[in-house]
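Okay, so the sequence shown: first residue is 1 according to the UniProt record's numbering, each after it adds one.
I have placed the structure first, in the form of structure tokens, so that the comments after it can refer back to it.
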Amino acid sequence: MSGTGLTHVVAISSHLQDICFATPTPKSSPSRHETAPNMTSYSVIVVGNPSGAFQPILSKLSALSKKNTFSFAIVLGDLFPSPESISDESISSISSLIRGEIEVAFPVYFTLGTYPFPDSIQEKIDNNAGEVCENLFFLGKRSTLTTSDGVKVVTLGGRLDPTLSGASKEQKFPFYSEQDASTLRGANFADILITGDWPEGVSTGSKVAISPETQEVQKGGNKPVQRLAQSIRPRYHFVSGGGGFYEREPYKNEVREKDGHGASELVTRFIALADYGNETKAKWLYAFKLDISTPSTTIPPNCTASPYAPYQKRPPPQQQSNFFWGDQSNDQHHHNHRNKRQRYDKPPPPGPDSCFFCLSNPNIQKHLITSIGSAAYLTTAKGPLTTNLVNAEVPFPGARAYNSL
Numbered sequence: 001m002s003g004t005g006l007t008h009v010v011a012i013s014s015h016l017q018d019i020c021f022a023t024p025t026p027k028s029s030p031s032r033h034e035t036a037p038n039m040t041s042y043s044v045i046v047v048g049n050p051s052g053a054f055q056p057i058l059s060k061l062s063a064l065s066k067k068n069t070f071s072f073a074i075v076l077g078d079l080f081p082s083p084e085s086i087s088d089e090s091i092s093s094i095s096s097l098i099r100g101e102i103e104v105a106f107p108v109y110f111t112l113g114t115y116p117f118p119d120s121i122q123e124k125i126d127n128n129a130g131e132v133c134e135n136l137f138f139l140g141k142r143s144t145l146t147t148s149d150g151v152k153v154v155t156l157g158g159r160l161d162p163t164l165s166g167a168s169k170e171q172k173f174p175f176y177s178e179q180d181a182s183t184l185r186g187a188n189f190a191d192i193l194i195t196g197d198w199p200e201g202v203s204t205g206s207k208v209a210i211s212p213e214t215q216e217v218q219k220g221g222n223k224p225v226q227r228l229a230q231s232i233r234p235r236y237h238f239v240s241g242g243g244g245f246y247e248r249e250p251y252k253n254e255v256r257e258k259d260g261h262g263a264s265e266l267v268t269r270f271i272a273l274a275d276y277g278n279e280t281k282a283k284w285l286y287a288f289k290l291d292i293s294t295p296s297t298t299i300p301p302n303c304t305a306s307p308y309a310p311y312q313k314r315p316p317p318q319q320q321s322n323f324f325w326g327d328q329s330n331d332q333h334h335h336n337h338r339n340k341r342q343r344y345d346k347p348p349p350p351g352p353d354s355c356f357f358c359l360s361n362p363n364i365q366k367h368l369i370t371s372i373g374s375a376a377y378l379t380t381a382k383g384p385l386t387t388n389l390v391n392a393e394v395p396f397p398g399a400r401a402y403n404s405l
């Protein structure tokens, strides 16, 4: 599939001894792990959740690099063991890793999973701009990264905590807020999106069955991640699949006004990788060719519509012929509003006892009358001091209301 930006790797042997790419490496390709000057197609490998087994993962990647040229790898979930369950052996191995005694053959990026990093790893991340050792980098909990090859990776690690308000300030805690997800929508586009949670409703419209091992993880999908995926329209979206593997059909994203006239639909591939060492031996490695020179607009034959409902934009306020604001489209509201207006438009007529000008009122305030004629009389206005030019002319026998004059 040349020119699509989504050249897809499908051949990974069941015993994970070899990885074969759909597009063969050109004879004129650069030496291993070097980047050609004008290279726009990159080999990427993504690894499922190791659940703390960082040594076997790094060893596997090093072994694979001897037969394949990778630009970089991304590790989902928890690369390192949790601080609570870490063993003395793991502590020793982590120390060896930090000292550079464990080979990391090519750039490897890792995310924040479901628990914090061991103290020594966190300290190294804090003091060394996210670099644990040569070729091993922390992506960050909430980050937008452009690699040296020009590949844009957006990451939202951890799990959603609905009780968090605002943006989370601590990178080491494995929880994010709705605002964290919303902030990343400003990235506008990503070649690769990595999230700790599934997007809500991603399987809608798909004919691919979700395995029982993956269903439990899929139930944790949420709306903030869905909106993030909708907003930045990545070429690839990777999540952890628990004990199973799931790859739905590619789907088309909606075209927006800012894309310009005649713009094509961008295509996204959603992949959930199984955990490393899963019991069903489901796929936990995923390698692919990524061409960033062209937008992902070529529509694969099995492509579906977007599984996400389009954004419901707030309708513009309707022009009203009166002074009442709000949506006047509801018939019941019209009925209620009309009844209220009729009540206020036709109040009961006032009686003589409520008119302080009326000559028949026993409580008439005579001091307000300035002149009495044969057909009318003049009064001053009631209230603050007025000039001698402010007068009211009241005809005989006196009108009950202004609208009856």
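Cβ atoms here follow ideal geometry from the backbone N, Cα and C, with glycine treated the same way.
What residue range does the beta strand (DSSP E) around Glu131 cover? 131 to 133
Alpha-carbon spacing of Ser182 relative to Val132, whole angstroms: 29 Å
Rounded distance between the beta-carbons of Ala229 and Tyr246, thought under 8 Å: Tyr246 to Ala229, Cβ: 15 Å. No contact.
Is it true that the CB of Ser203 sits closer than 9 Å to the CB of Asn49? Result no, Cβ atoms of Asn49 and Ser203 do not sit closer than 9 Å.
Three or more C-beta pairs under 8 Å: does that hold for the segment 152 to 164 against the segment 120 to 135? no
Where do the N-terminal and C-terminal ends of the alpha helix (DSSP H) with Thr155 fall, by residue? No alpha helix (DSSP H) contains Thr155, which is instead part of the beta strand (DSSP E) from 152 to 156.
Residue from Thr155, Glu103, Ser306 whose Cα sits closest to the Cα of Tyr251: Ser306
Measure from the alpha carbon of Ile299 to the alpha carbon of each residue in Thr146, Arg235, Glu257, Tyr308, then state which is nearest. Arg235
Nearest-angstrom Cα distance between Asp291 and Arg233? 16 Å
Sort Lys67, Ser62, Ala53 by Cα distance to Ile94 and report the nearest one. Ala53
Whose C-alpha, out of Pro301, Gly243, Val75, Gly166, is nearest the C-alpha of Val217? Gly243
Exposure label - Ile91; buried when at least 16 CB within 10 Å: In this structure Ile91 is exposed. Its beta-carbon is surrounded by fewer than 16 other beta-carbon atoms within 10 angstroms.
Check whether the Cβ atoms of Ser71 and Val104 lie closer than 9 Å to each other. no
Just to confirm before moving on: does the CB-CB distance between Gly205 and Thr304 stay below 9 Å? yes
Taking 6 Å as the limit between beta carbons, can you name the residues of its chain near Leu112, skipping five residues before and five after? Close CB contacts of Leu112 within its chain, under the 6 Å cut and outside five residues either way in sequence, are with Lys141, Gly157, Gly158, Pro174 (chain order).
Member of Val151, Ser82, Thr147, Leu139 whose CA lies at the smallest distance from the CA of Ser120: Ser82
Mark Arg227 as exposed unless 16 or more other C-beta atoms lie within 10 angstroms of its C-beta, in which case mark it buried. buried
Can you check whether the CB of Phe80 is closer than 9 Å to the CB of Phe117? yes
Exposed or buried, what is Leu136 when buried is set at 16 or more other beta-carbons lying within 10 Å of its beta-carbon? buried
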